[in-house]
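The structure under discussion appears below in the form of structure tokens.
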Amino acid sequence: MKKNITAVFILLLLFVFSLSTSAHFQMLLPSDEVVMQGEETTIDLNLLFTHPMSAEEVMDMDKPVKFGVYHQGESKNLLQSLQPIKILEGDAYAASYKIKGFGDFIFFVEPAPYWEEAEDKYITHCTKVVVNSMGVSNEWDHELGMKAEIVPLTRPYGLWTGNVFRGIVKKDGKPVPYAEIEVEFFNQALFPAIKGDSYRVIEVPDDTFITQIVKADGNGVFAYGIPGPGWWGFAALLDGEKIEGKDHELGALIWVKAYDMK
Amino acid sequence: MKIMANKKLIILLSLGFILMFSVTASAHRVVVYAAVEGEELIVKGVYGDGDPVQKAEVEVYGPAGKLLVSGKTDTDGKYSCPLPAREDLRVVLTAGLGHQAEYILSKDEIPEINNQTGSTNLQGIQEDELRSIISEELDRKLKPLQNTLVDIQLASSRPGMTEILGGIGYIFGLLALYLYFREKRRNKNDDR
Numbered sequence: 118m119k120k121n122i123t124a125v126f127i128l129l130l131l132f133v134f135s136l137s138t139s140a141h142f143q144m145l146l147p148s149d150e151v152v153m154q155g156e157e158t159t160i161d162l163n164l165l166f167t168h169p170m171s172a173e174e175v176m177d178m179d180k181p182v183k184f185g186v187y188h189q190g191e192s193k194n195l196l197q198s199l200q201p202i203k204i205l206e207g208d209a210y211a212a213s214y215k216i217k218g219f220g221d222f223i224f225f226v227e228p229a230p231y232w233e234e235a236e237d238k239y240i241t242h243c244t245k246v247v248v249n250s251m252g253v254s255n256e257w258d259h260e261l262g263m264k265a266e267i268v269p270l271t272r273p274y275g276l277w278t279g280n281v282f283r284g285i286v287k288k289d290g291k292p293v294p295y296a297e298i299e300v301e302f303f304n305q306a307l308f309p310a311i312k313g314d315s316y317r318v319i320e321v322p323d324d325t326f327i328t329q330i331v332k333a334d335g336n337g338v339f340a341y342g343i344p345g346p347g348w349w350g351f352a353a354l355l356d357g358e359k360i361e362g363k364d365h366e367l368g369a370l371i372w373v374k375a376y377d378m379k
Numbered sequence: 144m145k146i147m148a149n150k151k152l153i154i155l156l157s158l159g160f161i162l163m164f165s166v167t168a169s170a171h172r173v174v175v176y177a178a179v180e181g182e183e184l185i186v187k188g189v190y191g192d193g194d195p196v197q198k199a200e201v202e203v204y205g206p207a208g209k210l211l212v213s214g215k216t217d218t219d220g221k222y223s224c225p226l227p228a229r230e231d232l233r234v235v236l237t238a239g240l241g242h243q244a245e246y247i248l249s250k251d252e253i254p255e256i257n258n259q260t261g262s263t264n265l266q267g268i269q270e271d272e273l274r275s276i277i278s279e280e281l282d283r284k285l286k287p288l289q290n291t292l293v294d295i296q297l298a299s300s301r302p303g304m305t306e307i308l309g310g311i312g313y314i315f316g317l318l319a320l321y322l323y324f325r326e327k328r329r330n331k332n333d334d335r
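One line per chain: the protein sequences are A and B, in this order. According to our numbering, the stretch in the first sequence is residues 118 to 379, in order. According to our numbering, the stretch in the second sequence is residues 144 to 335, in order.
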């Protein structure tokens, strides 16, 4: 009997440990990130809150506070176009957007604060992804002015495996010195509900490889060498304003996709 | 003589610079995009960094490869003309030194109805949603009108407070007039 209890405890501990090693990431995943002439101009977007590398679960998302696209000096509200979907049994959202014209289209989402029981705090990840049309690169570095935002210093598409991705972490428009940035690979093969490229399942030597961690310098600038093809998420985790007396993790996220040189 | 040589060198160098500059400018990739707004065909040419391709030649071809219309882009890289045909169109933009780009505007990209303002705001909204949005909006906008209609109907079916008061007023008024004239006549009779 006593043995059983010990076993249960160990299992529980392991479970808690496994939860804490993979980070939360808000995802905003487009079906294509560079739309050239003659390609499908309607972009499907998946919005989900998950652990992208370990794919343990998809957390339930409430309807976002903001969801839209920035293009040619204008932001368009796309909240109306959100459709609730289920990914790995979690509440997520999908949307479609027809790209018209050339240039950069910056999609952004400010989700509703997510209550994380295990960490006794709220989490809000302000996330963006840039979709380019026809190879005209003119606005990818535009700052949207989100509460927390990564402003890219490297063009966030058309990236080779091995490119160094750089960005500035900003909170309320100001750089955040020595901000901590978590980096995770989207282990797409573990998310069968999301159609896309077929990558092999990435296995890690140990849990420290799940979430990579880099810190920004004194100007809030960070850099990360992308080691493999696929989607990579960068999440700068900052302190947000408390909600009902509880801690509030404010995240600034950007997603980029890399390709192997063939 | 020495000054002359220097001058020549300067001219040569500056010519070289100008040539280099023009080469780098056109070494950028050129992109052309075309769309129909209302009854107008709008063409825009840009370099890969988004800068406009100025004074570039624009040619619009129809389905059989027939040249329908041509012109030049302005300083914003724009060229517009009345929509030459509701067909598949091939728009060719030629910037200096033979840099060319083309855009195929397929027939189904040409909007049927002329509503520039509407179409831009409605991106990403499904038809069903649009329907429900319109019906909600209509309900909201028509509510006051509906109320007024109901009021009018009620008013015509039975007398309201104002009508009753008005009626009493008329009765008093007429009575007063009657009394006034009767008094006047009586006075006249008395004077006689």
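Backbone N, C-alpha and C define an ideal beta-carbon position, used for all residues, glycine too. Keep in mind that this is a model prediction, so the values were computed, not measured.
Check: Inside the stretch 170 to 205 of chain B only - alpha helix (DSSP H) runs reaching at least 4 residues; Outcome: none
Check: Complete runs of the beta strand (DSSP E) confined to the stretch 231 to 284 of chain A [at least 3 residues]; Outcome: 231 to 233, 238 to 250 and 265 to 269
Check: 8 Å CB neighbourhood of Thr159(A) in its chain, flanking five on each side removed; Outcome: Ser213, Tyr214, Lys215 and Ile216
Check: Cβ of Glu280(B) within 8 Å of any chain A Cβ; Outcome: no
Check: Beta-carbon spacing of Asp364(A), Asp237(A) below 8 Å; Outcome: yes
Check: Interface partners of Asp192(B) on chain A, CB under 9 Å; Outcome: Val253, Ser254 and Asn255
Check: Within chain B, partners of Gly220(A) - CB distance below 7 Å; Outcome: Gly193
Check: Distance between beta carbons of Ser250(A) and Val152(A), contact taken as under 8 Å; Outcome: 5 Å
Check: Member of Ile371(A), Lys379(A), Tyr376(A) and Ala375(A) whose CA lies at the smallest distance from the CA of Phe142(A); Outcome: Ile371(A)
Check: Test: Val212(B) CB closer than 8 Å to a CB of chain A; Outcome: no
Check: Cβ-heavy atom distance, Glu361(A) to the ligand NAP, below 7 Å; Outcome: In the structure on display, the ligand NAP does not appear, and there are no ligands present to speak of.
Check: Gly214(B) to Asp149(A) span [Cα, whole Å]; Outcome: 34 Å
Check: Buried versus exposed call for Met170(A) [16 or more other C-beta atoms within 10 Å across all chains shown]; Outcome: buried
Check: Proximity of His242(A) and Gly220(A) at Cβ, strictly below 8 Å; Outcome: no
Check: Of the residues Pro230(A), Gln197(A) and Ala333(A), the one placed nearest Ser275(B), counting alpha carbons only; Outcome: Gln197(A)
Check: Below-8 Å beta-carbon distance, Glu121(B) vs any chain A residue; Outcome: Since the first residue shown for chain B is 144 and the last is 335, residue 121(B) is missing from the structure and cannot be characterised.
Check: Reference Tyr204(B), options Pro227(B), Gly191(B), Glu326(B) and Ile307(B), closest by Cα; Outcome: Pro227(B)
Check: Pairwise C-alpha distance: Ala238(B) and Lys198(B); Outcome: 8 Å
Check: Residue of Leu211(B), Asp194(B), Asp231(B) and Gly193(B) minimising C-alpha distance to Ala178(B); Outcome: Asp231(B)
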